[in-house]
Structures are given as C-alpha cells and as structure tokens.
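The structure under discussion appears below in the form of structure tokens.
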Amino acid sequence: MTQHGLQSGPRESTLSILCVRGLIAAVEQAGVPRADLLHAAQLDPAQLSDAKARMPFAQFSRLCELAMQLTGDPALGLHWAEREGAMNLAPVTHLLLYAQCLRNALDAVLKFEPLLSDERVFQVLESDDKVLIRCLPLRGASVTMQTFWAAIGMAGLFRLIRFFVPDVRPDRVAFAHAAPAYYAEYERFFGRQADFQQSFTEVVLDRALMDTPSRLQDDGFRNTLHAAAQRRAVHLAQPSSYSLRVREFLLRQQRPYGVDMKAVADSLGVSPRTLHRRLASEGTSYRAVETESLTTVATSLLQDQRRSIQETAYTMGFSTTSTFHRVFKSWTGMTPGEYLLSVALEPGVETSE
Amino acid sequence: VSERFGVSSSLADDWSAALGGGQPFGPTRESTLSVQFVRGLASVAERAGVPQAQLLSAEHFDVRKLDVPEARVQRFEFYRICRRAMDLTRDRALGLHWGEHHCGTSFPPLSQLVAYASCLRQALETLSRFERLLSDEPFVQLLEGADQVTVRCLCLRGEAQPVQMFWAEMNIANLVRLMRPYGVHARLDRLCFAHPAPAHRGEYARIFGPAVRFDQPFTELVFDRALMATHSPHNDEDIYNALRALAERRMMKLMEQAPYALRARELLVQHGWASRPDMEAIARGLGLSVRSLRRHLATEGKSYHAVEREALATVATHLLRDERRTIREIASEMGFSDKGTFQRAFKRWTGTTPSAYRKGQFERETFGA
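Sequence lines, in order, name chains A and B. Residues in the first sequence are numbered from 1 upward in steps of one, following this note's numbering. Residues in the second sequence are numbered from 1001 upward in steps of one, following this note's numbering.
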C-alpha cells in the first residue's frame, strides 16, 4: 500500500494569516490599495477571512518583498510595527497587554508564539541583573527578508516593552544584519543608537523591569483569552487537521465512493481551491486523503464476513462490482478477493470473532 | 376600548408629574459607570503628561480600585475627574484624544467583542446588549432607518458645559474608533454634535474629516445602512464567543449587585409589556417575597408603581426608536387594542405623541443641552 503524504518530508513552516492581515493593513496605511497588493501577489481575499488559516513562509516572504516594492518603503517593517493597532494578533496581543507583569507577558510570547509562527521567533535569557530578549534569525530567508523580519520582531517587541515601561531606556539594541541606509529610522524608533552587524538581534534591559505590572489588570478577561489560546494551540498541534477532517467526513458518508470534493469542502466551510491549498500545506493532497480513507472503509467492510464483495461494492457507492475490483486494485495493488486471502493468511493478525 | 395594558390613569398622571422633576431614563448622577472609564481617562491624561497618581490623588480616588475590573464609580465622581484631567493636561480636546489613541484596549471585553464580531450589525448589537457593563443607564442608542443607521449618544442633562462636551467627544471618538475596522470612519454621512463649535474645532476636522457639524439637535453619527453587513477584518468567531460568554457572566453578576428597582425594571422590560409578570412573579424572579421587595424598593426611594412606569417608558421608547416599525405595530405589540389608544396613553405619560417623540421633540427636552 502506498504511504501517501510521507514522501514530501517535513511539513513546510507556516505563519498565521493574522500576520498577513497586518502586513496588508500596513501597506494600505502607506497609501497602496489592498487590491493592488493582493493582485500582484495573486492572493485570494477569501484566504484571509479565516483567522485560523496559515500561510507558508516562502509565500509570506514574497508578499513582504512585494509590499516593500509597492510602497517604496524599505523601512516598512518598522513602520508596520509602529502603527497603532498593528499588534492586533488576537488573542496573543491581548494576553500580553493584560499579563500581570512584563515577565509574564514575555512568558506568554514564548508560550503562544507557535500560534503566530511555526518558526521560533524570540528567546529570553535572564542573568543576575540583565535580561536579553533575542529575535531569532529566519532560516533560509533572503537578506531583505531577514532585515524585514528583524525589524518587525524587534519593533513589535519594543512596543510591548514600552507598554509596560513607557520611558524605557534599553541598555542595548542590536541587529545581526548590516546597517541599512535608513538607520536613522531605527534610532528614532528605539530612542537610542542601534548597533548593527552584531552576533545577535537583541534588546538588553535591566532585569528589575521584568516585574513592572501592566496597567490593564483583568483576570477574567485574561483567563478567557488564555483558554481560547490554549484551545487554538491544541488545534494547531494536530499536524494534519484538514486531512483528518476530510477523512472523518468521508468515513461518515453512506456511499463514500464518488462523493464530490466540493461537498467535502463545503462541509469544512472552505472553497475547493482553499482545501487543495490547505492539504498541500499539510504535505498531502485530496486524492491521497480520499484514497486512504476509502481504502479504510473498503477493507473494514470486506473483513465483515456477513457481507459479500458485491454488497461491499454497493455499500461504498460503486455502480458495478467490476468497477470496485478495478478501483480497489489501483488503491492497494490487490483485488478484493486477493486482499481477503492475504488477511486470512497473514500470521498474527487479530481476526474478529 | 379594551386596554390589556392595565395602567390606571392615576399611574399615567404620576408619570406625567414625574417628568417634571424626575429623570425616567436619562442618566442620573448617582448611577454608576465602569471603573474602566477612570482607567482609560487616567491613561489618556498620562499620555498628555499628567501622571496617573497625580490626577487620581487630586480627586481622592483610590488607585487600587483600577485593578478591580468589575469595580464601579459614580457618574459625578467620574465627571469630577474629567474636569480635573482637562485642567491638569490643559487639553480641552482630551475626550477626542482618548478615542483617537486608546480605544482598542480601554473597555475589555466590549472593545474586543466589537472588533472580533462577524459584521458591523453584530458588533453594534453586541454593544447595546452589553452597554450596561459600562454604564447603569443607557448612553448609546441605535436607530435603524430604511437607508441610514444612526448611532446616537445621549447628552447629559444638567451637567456643566465642559463635562457635557467631554462626554460627547469621548463617546463619539471612541465609537468612531471602535467602528474603524468596518470602514465607518471613511463613510460617515454626518457626524453631529449638539454643542456649539468649540475653540478646538480644528481637532474635530483633523480627526473626523469633513462630516462634522455643530449645534445639531443630537450628538450622533449617521451612515449608510448597507455598511451594517460589512465584515470585520479581525473577525474571530471562537474568541468572540469566549468573550461573549465572559460578558454574559459579568452582566449577571452586575445585575445581582444592582439596585432592586433597576433589576425589577430589567425583568419587566425583558418580558415585553403585553405579557409582563405581576409583582409577585417579579419578586420571585429576584428571590424575594413581595413584602421584602416592597421594603427594598422603599429604602431605594422608589415605589413598585414607579418601577412599572419606568419599564413602560423604556419599552415604548425602545420600540419607537426602530424606525422600521409603524406606530400601529408598536401599539399592538404593547397590548393596545388600537393605535389611537396607544397614542393617547403615550401622550398622557410623556406629554408628547409617539410620532413627535420619534422626531426627537421629547428627547431634545429631556436630554438636550
């Protein structure tokens, strides 16, 4: 039996569609109509509507580079993070602003950053009197994208710190990449000189600041969002959620053979195109999931000895037994009869009583 | 003519009399607001250079109260802090600047519910459903006409001019900010203020654009009804539902602490007037005997009669605000046998006719500057 979906290797890294929404809003803010960016990137607006959707990093990188070209703003990463409301990465943002203190906020960043990005983004190191918050490099990205990524990460982080400590004076603001032509923008934003071409992209602060409480205290609100974030993280941890859902849907059908893919997509609340894309980002395809699910249905029906092969074919939705024979053989390399024989001969297989 | 209404003429007379001195549904100064108003004000003042501690200690406000999200403050207390904040910051447009900079986080979970709703209609309905979390008395009205929607902010009768203006500026600026994800700010037909143009009118133009008008009968914003179907770019159903459940729990808790008069009125309004429960059922609903309900109301300075009258007014005026409903429909919904009886009764209680009320005559008298 073919092991579908395993050949494509590990799943491609993705990030939350919320980041994409934020980028599009930043581009719009810079005076470029959103339709222009979507068109240039050949992006379907429907793809943006599901808050839980993800986008592969490679696609996001292309989108960022397009955004910089269209706005003509190489410092777009900084300007994006600086904008009011730019941090609307629900529910993570609110969890941070309503954390009891800055330390708890940074803990929440580390705990829930997988909701926003498969790649690790931050690292926090506390020493006796200092705290280092590091923005990790993006694997395999271009120099432009590295610079852009560092700008969003550092500026977003700095806004969070400033929310807790409005007049914060960091001991150090460092970037791994070279100083860009617009380095003055960095100095303006961080309120001090930034060092470039350093070993790490990081902010260094006085450790005592970690205990600064948030001025927004609301336990009920925070707990509600925390629970929502946990649920989402669990959902995300299921590696092939769309393939599982397609499979569950097919297994529930009366006559699963010949079920229209559109009907499956409708039942999951996405367009067929989106479903194709989601499955592709999970490293599989509709065809593969369908074959695997229908094989499961067929073999379990065949093993029920009260049912003939003909009845199995009919139950599955095949019009003739010969079609069933042909299709079953294409799935498993065996005819239904050969399959039953192989099960009967296989040693150690538990058979139903 | 049969009146299922059961309102005696003496009650109607009481009601007309009450209009002179009492305030049937305008905000009273003793009614409370969420402490979130003080927290938001303190942070906008701090942004303008006045430390939170300085502002709040000047008004003897206990800072620790800010960390209790469900705490309440009396309206007049908040008004005092507003005036102090305007004095200390020397910013006459402080209310406008609040909405401009702070709204996204000022009122959890309501601000977030509005942002994560599926469409503007759901956002505004959520806002009016949970308005009480922010204020005991309604302060925002939603009026849906055939082509346009009006979001009206009720004025503060009898308060000093700067406080009235601050309240209007703050509410309108916050509303515009809240509805920003739905694109309302760019498509306002009118943005009206009941007060005259102040010296800082330039700030209005900068923040709101050309739709601003002063010296209008109401403080309100008006936009195309088609916008009600606009989707939020932040829509997130799970988070919306989780926060809505939190808001529901807070509403229940709030109602348990509210004065008995308010809770009784709420129960009456919820049931609709035509099928309203009697006093015994209301008492049962509040977990009391009729006798103790009467006693509690007496200590609050209200009679059950007065509570019924307020509920009646609330129901009638609420129904009248939906301009798609005819007066005939409203009359029958409230249990009147015909339109004329309703009109006469309404005139008796309020001194004005339903259609005149709708045109705003009555409200201008009640809430106008």
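Backbone N, C-alpha and C fix where the C-beta goes; we use that ideal spot for every residue, glycine too.
Leu1246 (chain B) at chain A interface by Cβ criterion, 7 Å
At least one chain A Cβ lies under 7 Å of Leu1246 (chain B).
Considering only their Cβ atoms, is the gap separating Phe1193 (chain B) from Phe1166 (chain B) smaller than 7 Å?
No, the pair does not count as a contact, with Cβ atoms beyond the cut-off.
In angstroms with no decimal places, state the Cα-to-Cα distance between Gly153 (chain A) and Phe200 (chain A).
Cα to Cα, the separation comes out at about 13 Å.
Taking CB distances under 7 Å as the criterion, tell me whether Ala1242 (chain B) reaches chain A.
Yes, Ala1242 (chain B) counts as interfacial toward chain A.
When we look at the beta-carbon of Gly1049 (chain B) and count the other beta-carbons within 10 Å, is it buried (16 or more) or exposed?
Per the 10 Å Cβ criterion, exposed.
Could you tell me whether the Cβ atoms of Leu1127 (chain B) and Leu1243 (chain B) are closer together than 7 Å?
In this structure, Leu1127 (chain B) lies away from Leu1243 (chain B), with their beta-carbon atoms at least 7 Å apart.
Whole-Å CB distance - Ala1173 (chain B) paired with Leu1188 (chain B), under 8 Å assumed
Not a contact, Cβ separation roughly 13 Å.
The stretch 1053–1065 of chain B touching the stretch 1083–1097 of chain B, judged by at least three CB pairs closer than 8 Å:
Short answer: they touch.
When the Cα atoms are used, what is the spatial distance from Ala1245 (chain B) to Ser1292 (chain B)?
Between Ala1245 (chain B) and Ser1292 (chain B), the C-alpha separation is close to 32 Å.
Could you give the C-beta distance for Ser1231 (chain B) and Ser1118 (chain B), rounded to a whole number, given that I count them as a contact under 8 Å?
First, the amino acid is wrong: residue 1231 (chain B) is His here, not Ser. Going by Cβ atoms, the distance from His1231 (chain B) to Ser1118 (chain B) rounds to 7 Å, so yes, they are a contact pair.
Could you tell me the distance, in whole angstroms, from the CA atom of Ala1205 (chain B) to the CA atom of Gly140 (chain A)?
Each residue's Cα considered, the two are about 48 Å apart.
Rounded to whole angstroms, what's the CA-CA distance from His1234 (chain B) to Ala26 (chain A)? Just pull it up for me.
One C-alpha to the other measures close to 14 Å.
Hey, how far is the Cα of Leu96 (chain A) from the Cα of Asp107 (chain A)?
Distance between the alpha carbons of Leu96 (chain A) and Asp107 (chain A) is about 9 Å.
Under 9 Å Cβ-Cβ, which residues of chain A neighbour Pro1051 (chain B)?
For the C-beta of Pro1051 (chain B), not a single chain A residue is nearer than 9 Å; the gap to the nearest is close to 11 Å.
Looking at the structure shown, is His4 (chain A) part of a helix, part of a strand, or coil, going by DSSP?
Confidence at His4 (chain A) is low in this model, with a pLDDT of 37, below 50, so its placement is unreliable and no value can be given for it.
Within 7 Å, strictly: CB atoms of Arg1072 (chain B) and Thr1032 (chain B)
Taking 7 Å as the Cβ cut-off, Arg1072 (chain B) and Thr1032 (chain B) qualify as a contacting pair.
Check Val264 (chain A) in the structure and name its three-state DSSP category.
In the structure shown, Val264 (chain A) falls within a helical segment according to DSSP collapsed to helix, strand and coil.
Of the listed residues B:Pro1196, B:Ala1316, B:Glu1159, nearest to Met1334 (chain B) (C-alpha basis):
Ranking the options by Cα distance to Met1334 (chain B), first place goes to B:Ala1316.
What number of angstroms, rounded off, separates the C-alpha of Phe1025 (chain B) from the C-alpha of Leu225 (chain A)?
Its pLDDT being 41, under 50, Phe1025 (chain B) is placed unreliably in this model, and the value from its coordinates should be taken loosely. Spanning the two alpha carbons is a distance of roughly 35 Å.
On the DSSP bridge assignment, give the partners of Met55 (chain A) in chain order.
Answer by DSSP bridge pairing, in chain order: A:Leu15.
For His1234 (chain B), would you say it is in contact with chain A, using Cβ-to-Cβ distances shorter than 7 Å as the test?
Taking CB atoms only, His1234 (chain B) has a neighbour in chain A less than 7 Å away.
Identify every run of the alpha helix (DSSP H) within the stretch 275–303 of chain A, keeping only runs that are complete inside it and at least 4 residues long; order them along the chain.
Here the runs fully enclosed are 286–303.
Which residues bound the alpha helix (DSSP H) around Ala151 (chain A)?
First-last of the alpha helix (DSSP H) with Ala151 (chain A): 143–164.
State yes or no: is the C-beta of Arg1321 (chain B) within less than 7 Å of the C-beta of Gln1141 (chain B)?
A contact, by the Cβ cut-off of 7 Å.
If we call anything under 7 Å between Cβ atoms a contact, is Ala1261 (chain B) one with Leu1297 (chain B)?
Taking 7 Å as the cut-off, the beta carbon of Ala1261 (chain B) is found closer than this to the beta carbon of Leu1297 (chain B).
Which parts of the stretch 1093–1159 of chain B are runs of the alpha helix (DSSP H), unbroken and 4 residues or longer, counting only runs that do not cross its ends?
You should have 1094–1106, 1110–1116, 1120–1129.
Separation of Arg1180 (chain B) from Glu1266 (chain B), as counted between CA atoms:
Rounded to the nearest angstrom, the two C-alpha atoms are 32 Å apart.
Would you be able to state if there are at least three C-beta pairs under 8 Å between the stretch 45–62 of chain A and the stretch 15–30 of chain A?
The stretch 15–30 of chain A vs the stretch 45–62 of chain A: in contact.
Backbone CA spacing between Ile133 (chain A) and Leu125 (chain A) [nearest angstrom]
Rounded to whole angstroms, Ile133 (chain A) to Leu125 (chain A) spans 6 Å at the Cα level.
Span separating the alpha-carbon of Leu136 (chain A) from that of Pro166 (chain A):
Cα to Cα, the separation comes out at about 25 Å.
Are the CB atoms of Val1184 (chain B) and Phe1223 (chain B) within a distance shorter than 7 Å?
Taking a C-beta distance under 7 Å as the contact criterion, Phe1223 (chain B) and Val1184 (chain B) qualify as a contact pair.
Among residues of its own chain, excluding the 5 on either side of Leu78 (chain A), which ones have a beta-carbon nearer than 6 Å to its beta-carbon?
For Leu78 (chain A), the CB contacts under 6 Å within the same chain, skipping 5 residues up- and downstream, are Ala151, Ala155, Glu185, Phe189 in chain order.
Report yes if the C-beta distance between Thr144 (chain A) and His177 (chain A) is below 7 Å; otherwise report no.
The Cβ atoms of Thr144 (chain A) and His177 (chain A) do not sit closer than 7 Å to each other.
Would you call the CB atoms of Leu1191 (chain B) and Phe1208 (chain B) closer than 7 Å?
Result yes, Cβ atoms of Leu1191 (chain B) and Phe1208 (chain B) sit closer than 7 Å.
In DSSP terms, what Cys1192 (chain B) is bridged to:
Beta-bridge partners assigned by DSSP to Cys1192 (chain B): B:Arg1213, B:Glu1220.
Does the separation of the CB atoms of Asp218 (chain A) and Tyr98 (chain A) fall below 7 Å?
If you check the CB distance, Asp218 (chain A) and Tyr98 (chain A) come in under 7 Å.
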